[in-house]
Amino acid sequence: SPPPPSPALLFAAQTAAMMFMMAGLLPVQGLLGGGLAPSRGVAASSSRAAVDMKVFDWKVRDAPPPELETITLGSLKPAPGSHQKKTRKGRGVSAGQGVTCGFGNRGQKSRAGSSTRPGFEGGQTPLYRRLPKWVGKPMGPGHTKKIYGLVKLSMLNTQSEGSTVDYAALIESKAATKDKFKLKKVVSSPGGLTVKGLTVKAHAFTESAKAAIEENGGTCVLLSPTTQLPLEASA
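Residue numbering for the sequence shown is -30 to -1, 1 to 205, as defined by mature numbering (1 follows the signal peptide of the UniProt record, and there is no 0).
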């Protein structure tokens, strides 16, 4: 049998093949005993070279084309990296979280039971006590303070006599606009009230506004701040 080719000869053959590919020539039979044929373009040369590299890989050459995976309820998988294995503590040193289980050797946070409470800063005055208290908030001294949206008596002059007036009626008649206050309080105004026989519904009335409404034959109806119903009806 003939002796195998030397490594130098194989290297020279590979170098020549690479030069032919860079020059745009396709080894139709190439180094296997044939001539050379010019290529039709760089793209064709690169694609043919990619095919020639897999000629001797019979597994790739004879393998069927891959099929597109059909997504079903039984083949659903989580995204890579989204589902991590839970760390098991106290199962030996080789498990990665044995002995101290990641809590260290000493200290309050290494003891059995719960750790420090939320907001605890080691004994110093915590942030929620360093900040000032807000008046009107649940944690402040004025948490029971009620903030009203004001309704002036001059707004009631746009209504017809003997009608029932609440804030929704004022918005509908364009005498008022929407605001952020849920509670409404009727206050007096320089113009006073000129319409008679009004039934005014609000959450609070000043003494002067209530007197002006009753002098004109009207009625003041207090509303509940929670149910928005008259206090007599809600009781």
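The beta-carbon is built from N, C-alpha and C at its ideal position, and this holds for glycine as well.
Checklist entry - Pick from G162, G187, Q198 and L(-21): whose alpha carbon is nearest that of L123? => result As a first step, residue 123 must be located in the sequence shown, where it is residue number 153. Comparing Cα-Cα distances from L123 to each of G162, G187, Q198 and L(-21), the minimum goes to G162.
Checklist entry - Rounded C-beta distance between V121 and K171? I'm assuming under 8 Å. => result If you number the sequence shown from 1, residue 121 lands on position 151. If you number the sequence shown from 1, residue 171 lands on position 201. About 10 Å; that fails the 8 Å criterion.
Item to check | Straight-line gap, G(-13) to L(-22) (C-alpha atoms, nearest Å) | outcome: Here the question's residue -13 lines up with position 18 in the sequence shown. Here the question's residue -22 lines up with position 9 in the sequence shown. The amino acid at residue -13 is misidentified as Gly; the sequence shows Met. The straight-line gap from Cα to Cα measures roughly 14 Å.
Item to check | Residue range of the unbroken alpha helix (DSSP H) whose run includes A181 | outcome: Along the sequence shown, one-based indexing puts residue 181 at 211. Here the alpha helix (DSSP H) through A181 covers E177 to E185.
Checklist entry - For K116, which of P160, P195, Q129 and R87 has the nearest alpha-carbon? => result For this step, residue 116 is matched to residue 146 along the sequence shown. K116 has its Cα closest to that of P195, out of P160, P195, Q129 and R87.
Checklist entry - Does DSSP put A(-18) in a helix, in a strand, or in coil? => result Position 13 of the sequence shown, counting from 1, holds the residue named residue -18. Helix at A(-18).
Checklist entry - Does the distance from the C-beta atom of K152 to that of I141 stay below 9 Å? => result Mapped onto the sequence shown, residue 152 falls at position 182. Mapped onto the sequence shown, residue 141 falls at position 171. Contact flag unset, no.
Item to check | Exposure of K154, with buried meaning 16 or more beta-carbon neighbours within 10 Å | outcome: Taking the sequence shown and counting its residues from 1, one reaches residue 154 at position 184. Buried is the call here.
Next on the checklist: With H, G and I counted as helix, E and B as strand and the rest as coil, what does DSSP make of A82?
Outcome noted: Locating residue 82 in the sequence shown gives position 112, where the first residue counts as 1. Correct three-state label for A82: coil.
Checklist entry - For I183, does the count of other Cβ atoms within 10 angstroms reach 16, so buried, or fall short, so exposed? => result Reading the sequence shown from its first residue, position 213 is the one you call residue 183. By the neighbour-count rule (16 or more Cβ atoms within 10 Å), I183 is buried.
Checklist entry - Comparing the CB of G72 with every heavy atom of the ligand MN, is any distance shorter than 8 Å? => result No copy of the ligand MN occurs in the structure displayed, which carries no ligand at all.
Item to check | Cα-Cα separation, S133 to G167 | outcome: Numbered from its first residue, the sequence shown carries residue 133 at position 163. Numbered from its first residue, the sequence shown carries residue 167 at position 197. Near 7 Å, if we compare the C-alpha coordinates of G167 and S133.
Checklist entry - At which residue ranges does the stretch 26 to 68 contain complete alpha helix (DSSP H) runs of 4 or more residues, listed in the order of the chain? => result 28 to 32
Checklist entry - Using DSSP with H/G/I as helix, E/B as strand and the rest coil, what is P(-24)? => result By 1-based counting over the sequence shown, the position of residue -24 is 7. P(-24): helix per DSSP, three-state reduction.
Next on the checklist: By the three-class DSSP mapping on this structure, what secondary structure does T196 have?
Outcome noted: As a working mapping, residue 196 is identified with position 226 in the sequence shown. In the structure shown, T196 sits in coil (DSSP, three-state: anything other than H, G, I, E or B).
Next on the checklist: Considering only the alpha carbon of each residue, which of G187, G68 and Y137 lies closest to Q198?
Outcome noted: Residue numbering aside, residue 198 sits at position 228 when the sequence shown is read from its first letter. Per the Cα distances, Y137.
Next on the checklist: Quick check: G68 and K59, are their CB atoms within less than 9 Å of each other?
Outcome noted: Numbered from its first residue, the sequence shown carries residue 68 at position 98. Numbered from its first residue, the sequence shown carries residue 59 at position 89. Yes. Within cutoff.
Item to check | Residue range of the alpha helix (DSSP H) that includes A139 | outcome: Position 169 of the sequence shown, counted from the start, is the residue given in the question as residue 139. Element bounds for A139: Y137 to E142.
Item to check | CA-to-CA distance, P200 to N186, given in whole angstroms | outcome: For the purposes of this step, residue 186 is identified with residue 216 of the sequence shown, where counting begins at 1. For the purposes of this step, residue 200 is identified with residue 230 of the sequence shown, where counting begins at 1. Going by the C-alpha atoms only, they are around 21 Å apart.
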